[in-house]
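The numbering of the sequence shown is this note's numbering, which starts it at 12 and goes up by one. Data block below; observations after.
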Amino acid sequence: MNPRKPRCYFRCGARTKYDPQSLKMAWLLTPEGQYVHPNWLSLRVHCDVWPRKKRENQVTVRICFHDKCFDGASSAAIFSRFYRERIDPNAEFLYTGMTHKASAPFEDGIFDGDENAIVDFKYSSSPLLTWWFDHHQSAFLKPEDAENFKHDHSGKKFYDPTYKSCTKFLATVASERFGFDARPIADLIKWGDIIDGAQFASPQEAVGLAEPAMQLALVIEAAPEANLVQRLIPELAEIPLSEMIDLPIVKKHLGPLLERHRHSVEILRERADCRGGVVYFDVSDLDLEGYNKFIPYYLYPDALYTVGVSASPTRAKVSVGTNPWKEASAEVNLASLCEKYGGGGHARVAAISLGPGDLVRARKVAKEIASTLRQ
Ligand SMILES: [Mn+2]
């Protein structure tokens, strides 16, 4: 299949060749005789503007992915492409973004597809779950879930916390076990691994945001638009990253977000308190949850850890990270440290999500963790 040419932009049969230049200009004629602006193309996933007609016997695949995360989005994109190429070319994909919440993440009725997949997110022991790929150390909410996974013999649920990204893990498993050709999306895999594994050459590369992948990651993580990532995933599976940032729905967010990013560097410069190798900051009074997590190391290249408190309408959050350009002690495991407070994550990056009204506790926990990490 030609990866540059999506099969069908419109469910009702209108077809168009993928050409970003002409797409910007041309209005498209639907089978009902209406003209539609190409900006509406991306609404096709979660919108009733275009009536969704399920073809008879068409398999629907519900993909739950780690929301507002480049690795989560690229894992969902790669899973869709893999499924279409190796399992069922006619499947319809539905996407649900998952966020780490203080309460249970899987609501009743969430697994409503003929097949249900979770990528880059916690395991669910629901019998409705058919595919699972994750690399987070804290992948199991309860010991019973880990036990359930251990006894799963479906051959479709995969876990490996040694991978730096779910993107690379998923692409590797799909290639080795299911004959998926990952070569056309090699660039996406490379950047998924760099971004989720924080494998940047320098803090300047991570904070400068010069690469298309970095700019797209910024939009995915911070664009204030509901269901944006769901709409980007189908494109991400098909077109190069350099073209992704030219899509109108990406472009309209990019300028303001880059501006905001530069502003957040200045805010953190004012707020950061660096002592004993730990940068502590509290931005919970500002609307800054999606700040770039490398800014503290850009400002304090010699710091070993950061502990930050931030807030959004849905949660208060304590983020804990290790300077990826420094040799940190192998004994310090931030996921284990955060698990003590009900959080989790990876050995070198972890977080604790509390209820939106729990700021006092978030600050107390953050200060405790900062003093534990100080030398
Ligand atoms: Mn990940």
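Even glycine gets a Cβ: it sits at the ideal position worked out from N, Cα and C.
Burial state of residue i (16 or more Cβ within 10 Å)
i    : result
V130 : buried
D59  : Interpretation of D59 is limited by its pLDDT of 38, a score under 50 that renders its predicted location unreliable; the figure taken from the coordinates is listed afterwards. Counting Cβ neighbours within 10 Å, D59 comes out exposed, since fewer than 16 surround it.
K262 : exposed
P138 : exposed
R92  : buried
I380 : buried
H77  : buried
S86  : buried
D198 : exposed
S165 : exposed
R326 : buried
S149 : buried
L181 : buried
L297 : exposed
H264 : buried
N127 : buried
H272 : buried
P324 : exposed
G368 : exposed
A147 : The sequence as given places His at residue 147; Ala does not occur at that position. Buried: at least 16 other Cβ atoms inside 10 Å.
A377 : buried
A209 : buried
A283 : buried
S53  : Its pLDDT being 44, under 50, S53 is placed unreliably in this model, and the value from its coordinates should be taken loosely. Buried is the call here.
K153 : exposed
F191 : buried
K161 : exposed
A212 : exposed
A392 : The chain is shown from 12 up to 386; residue 392 falls before or after that span and cannot be answered.
Beta-bridge pairing of residue i - partner residues as DSSP gives them
i    : result
V70  : In DSSP, V70 forms no bridge with anything.
V318 : Y291 and V331
W142 : A128
K168 : W143
E249 : Per DSSP, none; premise fails for E249.
T107 : C75
L365 : A327
V360 : G332
C285 : V290
G355 : A362
Cβ pair residue i, residue j closer than 8 angstroms
i    : j    : result
S136 : E155 : yes
P307 : V320 : no
L258 : L229 : no
Y170 : D145 : yes
H111 : S295 : no
Y309 : V218 : yes
R73  : G124 : yes
D82  : C177 : yes
V240 : A84  : yes
F151 : Y174 : no
S253 : P223 : yes
Y311 : L384 : no
T141 : L105 : no
L345 : V360 : yes
Q388 : G287 : Residue 388 lies beyond the residue range present for the chain, which begins at 12 and ends at 386; the question has no answer from this structure.
F90  : M109 : no
T107 : C75  : yes
A88  : A193 : no
I200 : K179 : yes
Taking a cut-off of 5 angstroms, which residues have a beta-carbon closer than that to any heavy atom of ligand 1, in chain order?
D82, D131, C177 and D207
Does the contact criterion of 3 or more C-beta pairs under 8 angstroms hold for the stretch 329-337 versus the stretch 243-260?
no
Are the stretch 355-374 and the stretch 223-238 in contact at 8 angstroms, needing three or more beta carbon pairs?
no
Can we say the stretch 297-308 touches the stretch 263-280, given the rule of at least three CB pairs closer than 8 angstroms?
yes
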